[in-house]
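Quick note: the sequence shown uses my numbering, first residue 5, plus one each step.
Yeah, the Cβ is synthetic: ideal placement off N, Cα and C, and Gly gets one too.
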Amino acid sequence: MKTHWRSFLALAMFAVATSRADELLFQDDFKGKLGDGWSWVREHREFWRVTQRGLEVCIEPGNMWGPANDARNLLVRGAPDATKGEVEVSVYVENTPSEQYEQVDLVWYYDDSHMVKIGRELVDGKLSVVMGREQDDRTQTIAIVPLQIPVSVRLVPFTDTRTNRHVAIAQTDVAAVRLRLRVKGGHVRGQFRAPDSGGWREAGECDLPTPANGNAKISLQFYQGPAHIEHWARVTEFRVRRSGE
């Protein structure tokens, strides 16, 4: 009887520990609407939409890397207190960049001049996961990790806004990548998981920036897109968890 009781107690303690480690604080699949708590910075309403496939945002020109701070359609929500335990934030990202530094990012964001990002970006012709840190508009690249993931090509109709000509262009579709930030205290780790990978890969880690206003937020950012072609990115399965560590 004592053996059965000890086994039951061990299982109960394991269940409690697991539930604490996997505590889900917020989720949004962006299916048909935005969840509660989101707000836009420099919203361009015609260039975002929510469908049954997720949140889709047109990647416009503009930049958040450095002092320009003019990117549009930054999606922002409050972040949990990372001093009370590790916070994990993750999201699936689908984008097919053609311009140098065109990107979609998951960001631990304080303001336009203070943040840590991890995103999928085109760097010197290579689709890469890039992690970077910014404080007082001074930038630091933490990691650039080239990706090798499945690609398919299809023809899609396109209207050139400069000439009003209707043409067909080759559209390259790239499988989604999952991005994750793990924040604890004043430190952050960036990770990603590619479609051909079973586990998380490390991108890098760094200390968080220290702005005067220390209210942390979580942001999805889309920028450095082309001026005359619409590139739409999609994000899905946004999750915020509290680790039991």
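DSSP lists LYS121 and THR145 as the beta-bridge partner residues of GLY136. Rounded to the nearest whole angstrom, the C-alpha separation of CYS62 and LYS88 is 36 Å. Selection ARG142, GLY202, LEU78 and LEU151 evaluated against GLN228 yields LEU78 as nearest (Cα-Cα). LYS37 and GLN31 have their alpha carbons spaced roughly 13 Å apart.
Restricting attention to ARG243, GLY70, PRO101 and ALA207, the CA atom closest to the CA of GLU125 is found in PRO101. Under the 10 Å beta carbon count, SER94 is surrounded by 16 or more other beta carbons and is classified as buried. In the three-state reduction of the DSSP assignment, ALA86 falls in the helix class.
Assignment of PHE242 by DSSP, reduced to helix, strand and coil, places it in the strand class.
ARG193 counts as buried, since at least 16 other C-beta atoms from the protein chains shown sit within 10 angstroms of its C-beta. By DSSP's assignment, GLU206 forms a beta bridge with GLN195. Counting only residues of its own chain and dropping the five nearest sequence neighbours on each side, TRP204 has a CB closer than 6 Å to the CB of GLN195 and ARG197.
Per DSSP, the beta-bridge partners of GLY58 are THR55. Looking at the backbone, the Cα of GLY66 and that of THR240 are separated by about 23 Å. A Cβ-Cβ contact shorter than 8 Å links PRO213 with GLU138.
Burial state of LEU28 is exposed, judged by a 10 Å Cβ sphere holding fewer than 16 other Cβ atoms. Contact annotation, VAL133 with VAL181: C-beta distance approximately 7 Å; criterion of less than 8 Å satisfied. Secondary structure at GLU92: strand, using DSSP grouped into helix, strand and coil. Excluding its 5 nearest sequence neighbours in each direction, GLU103 has C-beta neighbours in its own chain below 7 Å: LEU126, GLN228, GLY229 and PRO230, listed in chain order. DSSP places ASP32 in the uninterrupted beta strand (DSSP E) bounded by 27-32.
Around the beta-carbon of LYS130, fewer than 16 other beta-carbon atoms lie within 10 Å, marking it exposed.
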